[in-house]
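Colleague: This is the structure I have questions about; it appears just below.
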Amino acid sequence: MAVKEPSIKSMKHEDFKDNEYIDKLVEELNATGANVMVGKLDQLINWGISNSLWPLCFGTSCCAIEFMCLGAARYDMARFGFEVARNSPRQADYIMVQGTIVHKMAPALVRLYDQLAEPKYVIACGGCAVSGGPFKKSYCVVDGVDKIIPVDVFIPGCPPRPEAMFYGLMQLQRKIKLQKFFGGVNRQEKIQDFFRKHPSEAGEY
Amino acid sequence: MSVKDCISKICPSATFEEGDILLVNVPAENWRKLAEELKHNPELNFDVLTAVVGMDWKESLGVVYYFTATSHKWEMLSVKVAVADRENPYIHTVSDLWKVANFQEREVYDFFGIKFIGHPDMRRFFLRNDWKGFPLRKDYDANPALNPIPTDDEKNEDDTISYVEQPDGTIKGIPGKVFKEGDYVVNVGPQHPSTHGVMRFRAAIDGEEVKKVDVVSGYIHRGIEKLCESLGYPQILHFTDRMDYMSAHQNRHCLCMCIEKAMGLVIPERAVVIRTIMDELMRISSHLLSFGCTAMDLGATTAFFYGFREREMILDIFEKTCGARMSMNYNVIGGVIADLHPDFVKDVKALLAIMPERLKEYHKVYSGNIIAKNRMVGVGHLSKEDAINYCITGPSGRGSNWSNDCRKKHPYAAYDRVEFDEVLLDGCDSYARYMVRMKEIEQSCRIIEQLIDRIPEGDIRAQVPKIVKLPAGHWYTQVEASRGTFGVYIESDGGKTPFRVHFQSPCFNLVGVMDLCCRGNMIADLITIGAALDFVIPDIDR
Amino acid sequence: MFDFGIVTNWINDLLVGCMPVWAATLIECVIIGVLILLAYTVLALFYILYERKLCAWFQCRLGPMRVGPWGLLQVFADMFKILIKELISLKGTDKFLFKLAPYIIITSSVVMLACLPWGRGLQIIDYNIGIFFILAVSSVGVLGILLAGWSSNNKYTLIGAMRSGAQMISYELSLGLALMSIVVLAGTMNINELVAQQERCWFIFQGWLPAVVAFVIYVIAATAETNRGPFDLPEAEHELTAGYHTEYSGIHFGFFYLAEYLNLFIVSGIASLMFLGGWMPFHIAGLDCFNMVMNWIPGPIWFLAKAFFISYVIIWFKWTFPRVRIDQMLALEWKYMMPFALVNLIVMAVFVAFGWTF
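Protein chains in written order, with the numbering used here: chain A, 72 to 276; chain B, 54 to 595; chain C, 22 to 379.
Rendered as structure tokens:
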């Protein structure tokens with residue numbers, strides 16, 4: 072079954088940057104090939120996930136205020152169905168790291184990431200989360216959250232405008248639309264891998 | 054008798070340095086005696102401890118204290134205490150005299166390793182307990198291998214230590230515990246929707262009642278003060294926008310004023326007025342956000358959206374002139390970076406025209422609501438004495454009827470030529486704090502109204518040399534930021550980079566009263582009190 | 022009014038005619054079961070979208086817009102997402118109770134839904150103590166919340182569960198008393214008969230003052246019963262992150278989410294049946310032409326419209342008022358609403374005894 076480029080309502084494919092990445096993903100998917108049934112189911116599930124991304128409330132500094140603007144009336148992320156911000160990581164779909172992560176916060180962020188239920192995504196939002204930003208040279212700043220957790224989308228800016236955040240979220244949607252749910256992101260090995268690394272957490276799991 | 058004479062009588066070994074604020078050099082062993090006199094002697098009566106600045110002068114470590122006497126026309130005084138011992142520096146605490154020193158001294162300990170004798174709880178404040186070294190010391194080893202990114206969870210820091218001077222002069226550490234055995238401790242934060250960022254409170258509760266709150270800070274401590282020491286003066290300006298991002302203009306204004314004072318620079322009139330208008334716009338925007346967040350924390354989500362609707366108008370004004378919605382980076386040394394946008398006056402007038410009516414709407418939607426009143430009236434009592442003792446400035450202090458507005462006490466920029474009232478309420482509770490903010494929006498509108506048609510023509514910036522160098526010395530400036538008095542301390546050794554920069558943020562003091570305000574209230578009130586005090590975490594942690 | 026009993030009886034006769042009675046009953050049970058679950062899901066999805074759109078409009082926003090026309094498919098996307106989310110099982114929890122809790126909640130709300138008649142004859146069981154049964158089943162839900170909070174081994178969930186227990190048990194009193202006022206007026210607990218008596222005039226008009234008071238008390242108590250704002254303390258997002266269901270993920274959380282919205286429909290449905298005449302159309306004595314037009318509108322639509330209207334009011338509460346505090350909430354119930362409801366019950370009895378009703 073041929074996989075097509077993911078489409079986003081009222082945004083043309085050419086309007087996006089970094090299309091090489093998406094094209095490569097499409098190519099890869101087409102090369103491996105998939106059963107029509109599985110492929111269609113994958114598409115349905117990916118449609119569901121990509122249109123129902125519930126954020127975890129996680130703001131450390133300035134970017135969080137812009138994220139609030141994103142939810143407020145002018146930008147209204149509810150239009151995309153992103154407004155159900157969950158405070159419990161178990162129920163959220165992605166962390167948008169908004170702001171600097173410092174050494175003291177790093178274990179907490181990793182823990183939050185571990186607490187998210189699969190499938191889960193991470194967006195590094197703002198210069199600090201991407202690379203440490205203006206605080207890069209500080210003694211206790213993590214220069215880039217990708218050092219501690221895997222990141223799906225980077226949104227630069229200090230802080231990024233709400234439009235930039237939308238753009239980042241749409242890029243995440245595009246990426247999700249090309250993922251393989253069966254045999255892909257849904258792997259149980261990931262979980263087992265975690266418990267291999269953290270045997271003390273395993274208990275009677 | 055002047056302050057100087059009075060101090061030399063109490064402590065003959067003290068030496069004085071004149072400046073815009075009188076500096077007293079006191080030997081460490083006489084410090085405690087002087088401190089008691091400063092607080093209790095009616096001739097001195099310095100009842101506010103404005104700032105505590107830890108210092109490393111390479112040959113010695115020490116602390117510079119800034120005091121204000123509210124009864125003597127807000128006269129300021131600074132005291133320098135130094136100790137030569139770098140291994141085990143000890144200074145007597147003043148946290149029992151001025152309660153605000155409790156967290157301030159913990160910060161100094163965290164950064165410089167100075168131990169305060171008699172302090173009840175000498176733990177680190179910002180950094181983890183397993184942190185090696187004291188980062189703001191000049192000889193700090195910044196090797197990342199020493200302090201790698203931690204992967205293990207932080208231990209609950211229940212063990213405290215208090216240093217007590219024995220009769221024979223030796224100093225002994227007495228261990229203690231934060232919580233009693235069997236306390237039911239609920240952890241709020243660092244990731245929690247109502248801490249306005251990444252603050253962490255550990256609350257011992259009995260049923261729904263809060264018995265004690267332990268503040269654990271530092272989850273967004275970015276080491277700004279240390280970073281400043283390696284950057285030139287124009288380069289450090291942008292940090293202020295990112296500390297209290299809701300007072301970006303005011304904070305930056307303060308830092309610029311401090312550098313300008315040191316350089317002896319005169320600012321063009323146009324820039325002065327523009328800065329004042331921008332400060333007040335920022336204050337309105339901040340109070341609108343505070344209104345929205347207070348409402349949202351108490352469950353009235355809709356009011357939040359109404360506050361943000363008007364805030365967007367202000368952000369548009371900022372964006373047109375400064376080029377950014379947040380982190381404007383607008384003030385520079387000598388003036389402002391760019392001239393006003395042609396639409397500026399029109400946009401501001403449009404904002405002023407709708408604000409009174411919108412404020413009425415807010416009161417209708419939220420402030421007048423019986424549930425909101427029940428949730429806030431009488432919750433989080435903070436008396437005027439406590440407000441002064443804990444140095445709670447800004448709207449929160451004025452909600453306790455303490456007149457502390459820096460714009461009135463030490464007028465700066467264009468505030469001496471505009472008419473406005475300092476809003477004072479005597480409720481001493483969360484509702485009073487909240488209402489002060491709402492009324493300050495009106496006053497800010499009033500200030501802007503007076504200035505908007507009187508922006509003088511002329512330069513927007515004074516002539517500033519390419520490389521800014523300050524003469525050797527130290528300076529302290531204050532402005533009234535959205536959340537209280539924001540102070541900047543700069544010490545220079547004559548070079549291109551500052552020797553030490555300290556930001557005295559208002560929110561740092563606000564979080565100090567959480568324990569006092571929350572005791573005896575319910576868990577839900579913890580959220581109310583936090584929302585009404587309205588602290589911004591990056592401003593606390595810096 | 023069209024009697025749906027004709028249709029159901031016809032199906033029954035058809036089935037009994039071609040197979041033994043036990044097989045017919047079995048098939049009927051399966052059909053009914055499927056229908057209920059279907060109605061449950063559709064209603065819950067509708068309600069989720071309904072609330073999201075409504076709250077967006079209250080807040081000068083647009084709400085879901087981009088998934089499907091006017092965002093209609095948004096809830097389906099959410100459903101697919103929730104269905105495939107990982108179910109996290111936690112260390113230190115009571116595994117059995119942890120997994121049982123969402124099912125208790127969902128079962129209780131499904132049973133309540135099954136008791137509501139949507140039109141004449143469009144009902145599963147015609148109990149003679151229908152309203153009493155609904156009240157009894159509704160109290161089972163709180164058990165699920167308590168178990169969820171306790172078994173999660175988390176302090177937030179425990180506080181949320183305790184609050185919920187205190188709240189639901191207290192407000193059940195005034196809820197029950199408000200409904201009892203109507204039972205006194207009607208003299209029956211059978212829901213069908215209750216509705217039938219409102220053909221001439223709805224109970225809220227028949228019983229005038231005490232009925233209106235009972236209605237107001239009922240709506241407030243129902244808001245608290247469904248844990249919705251301003252009484253959403255058990256899940257008070259800004260205090261307890263997500264309250265009693267903090268530790269639940271995936272479809273287990275989905276069950277809590279669905280049950281919350283379905284409970285909203287159920288309490289609105291009960292209000293519609295007890296106060297606003299259920300599937301009975303709106304009649305004004307004397308205006309025959311108007312009454313004729315009203316009669317043309319089918320019963321289930323009347324029932325749903327009334328239920329949606331009351332839900333609208335409850336949603337409106339949530340997005341307008343701040344949250345009350347636990348002590349204020351209990352004070353409101355025990356100091357004001359419960360005594361008031363008791364007095365109201367007596368007043369109603371007096372009214373009925375003296376025949377001062379319409």
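Beta carbons: idealized from backbone N, C-alpha and C, even for Gly.
#1: Determine, for R572/B, whether the minimum Cβ-Cβ distance to residues of chain C falls below 8 Å.
#2: By alpha-carbon positions, which one of L76/B, L97/B and N98/B ends up nearest to V116/B?
#3: DSSP state of G250/B, grouped into three classes?
#4: Run down chain A in chain order and give the residues with a C-beta less than 7 Å from the C-beta of S185/C.
#5: Would you tell me roughly how many angstroms separate the C-alpha atoms of M40/C and A65/C, rounded to the nearest one?
#6: Can you find the residues in the same chain that come closer than 7 Å, C-beta to C-beta, to G274/A, ignoring five residues on each side of it along the sequence?
#7: Give me the chain B residues within the contact set of M176/A, using Cβ-Cβ distance strictly less than 8 Å, ordered along the chain.
#8: Around the C-beta of D147/A, are 16 or more other C-beta atoms found within 10 angstroms, so that it is buried, or is it exposed?
#9: What's the gap between the Cα of V132/B and the Cα of V216/A?
#10: Roughly how many angstroms lie between the CA atoms of K373/B and M335/B, to the nearest whole one?
#11: Measuring only the C-alpha atoms, how far is F226/C from S202/C?
#12: Taking C-alpha atoms, which residue in P509/B, T68/B and I74/B lies nearest to W84/B?
#13: Might you give, ordered along the chain, the residues of its own chain that have their beta carbon closer than 7 Å to the beta carbon of P160/A, omitting 5 neighbours on each side?
#14: What did DSSP end up calling K83/A once you bin it into helix, strand or coil?
#15: Three-state secondary structure (DSSP) at M381/B?
#16: Which residues in chain A have a C-beta closer than 7 Å to the C-beta of V88/C? List them in chain order.
#17: Could you name the residues of the same chain whose beta carbon sits closer than 6 Å to that of K635/B, not counting the 5 residues immediately before and after it, in chain order?
#18: Taking all protein chains shown into account, do 16 or more other C-beta atoms lie within 10 angstroms of the C-beta of G203/A, making it buried, or fewer, making it exposed?
#19: Taking 8 Å as the cut-off, decide whether the C-beta atoms of L198/C and L75/C are in contact.
#20: State the DSSP-derived secondary structure class of R245/A, mapped to helix, strand or coil.
#21: Say whether the stretch 541-553 of chain B touches the stretch 95-108 of chain B, bearing in mind that this needs 3 or more beta-carbon pairs closer than 8 Å, one atom from each stretch.
#22: Please determine, among L290/B, N94/B, R499/B and R470/B, the residue with the shortest C-alpha to C-alpha distance to L150/B.
#23: Please compile the residues from chain B whose C-beta is within a distance smaller than 7 Å of the C-beta of R73/C.
#24: D192/B to E158/B, Cα distance in whole Å?
#25: Since I347/C meets chain B, which of its residues come closer than 8 Å, beta carbon to beta carbon?
#26: Leaving aside the five residues before and after K248/A along the sequence, list all residues of the same chain whose C-beta is less than 6 Å from its C-beta, in chain order.
#27: Taking contact to mean at least 3 C-beta pairs separated by less than 8 Å, is the stretch 280-298 of chain B in contact with the stretch 582-591 of chain B?
#28: Return the residues of the stretch 324-350 of chain C that lie within a Cβ-Cβ distance of less than 9 Å from chain B, sorted by chain order.
#29: Beta strand (DSSP E) containing C309/B: first to last residue?
#30: Using a Cβ-Cβ cut-off of less than 9 Å, give me the residues of the stretch 232-254 of chain C that come near chain B, in sequence order.
#31: From the beta carbon of T119/C, is the nearest beta carbon of chain A less than 8 Å away?
#32: If you check the beta carbons only, do R255/B and V238/B fall under 8 Å apart?
#33: What does C196/A touch in chain B if you count any residue whose Cβ is under 7 Å from its own?
#34: Quick one: which residues of the stretch 345-362 of chain B get their C-beta closer than 9 Å to a C-beta of chain C? List them in chain order.
#35: How should T62/C be labelled, buried or exposed, when 16 other C-beta atoms within 10 angstroms of its C-beta is the threshold for buried?
#36: Kindly list, in the order they appear in chain A, the residues whose Cβ is closer than 8 Å to that of F292/B.
Modeller: Reading from the atomic positions:
#1: no
#2: L76/B
#3: strand
#4: Within 7 Å Cβ-Cβ: nothing; S185/C doesn't reach chain A, min ~16 Å.
#5: 36 Å
#6: Below a pLDDT of 50, predicted positions are generally treated as unreliable, and G274/A, at 45, falls in that range; the measurement from the model is reported next regardless. Cβ neighbours of G274/A beyond the five flanking positions: none.
#7: P243, V251, Y272 and I273
#8: buried
#9: 42 Å
#10: 14 Å
#11: 13 Å
#12: T68/B
#13: L127, L183, Q186 and L187
#14: coil
#15: coil
#16: N122 and G152
#17: Any answer about residue 635/B is impossible in this case: the structure gives chain B only from 54 up to 595.
#18: buried
#19: no
#20: helix
#21: yes
#22: N94/B
#23: In chain order: nothing, as chain B lies at least about 12 Å away.
#24: 21 Å
#25: E261, M575 and A577
#26: P77, N117 and S121
#27: yes
#28: K339, W340, T341, F342, P343, R344, V345, R346, I347, D348 and Q349
#29: Element bounds for C309/B: not the beta strand (DSSP E) but the alpha helix (DSSP H), A301 to M316.
#30: G250, P251, D253 and L254
#31: According to the sequence shown, residue 119/C is Phe rather than Thr. Chain A contact via Cβ: absent.
#32: yes
#33: The premise fails here: C196/A is roughly 13 Å from chain B at the closest Cβ pair, so nothing lies under 7 Å.
#34: A348, M349, D350, L351, G352, A353, T354, T355, A356, F357, F358, Y359 and R362
#35: exposed
#36: P205
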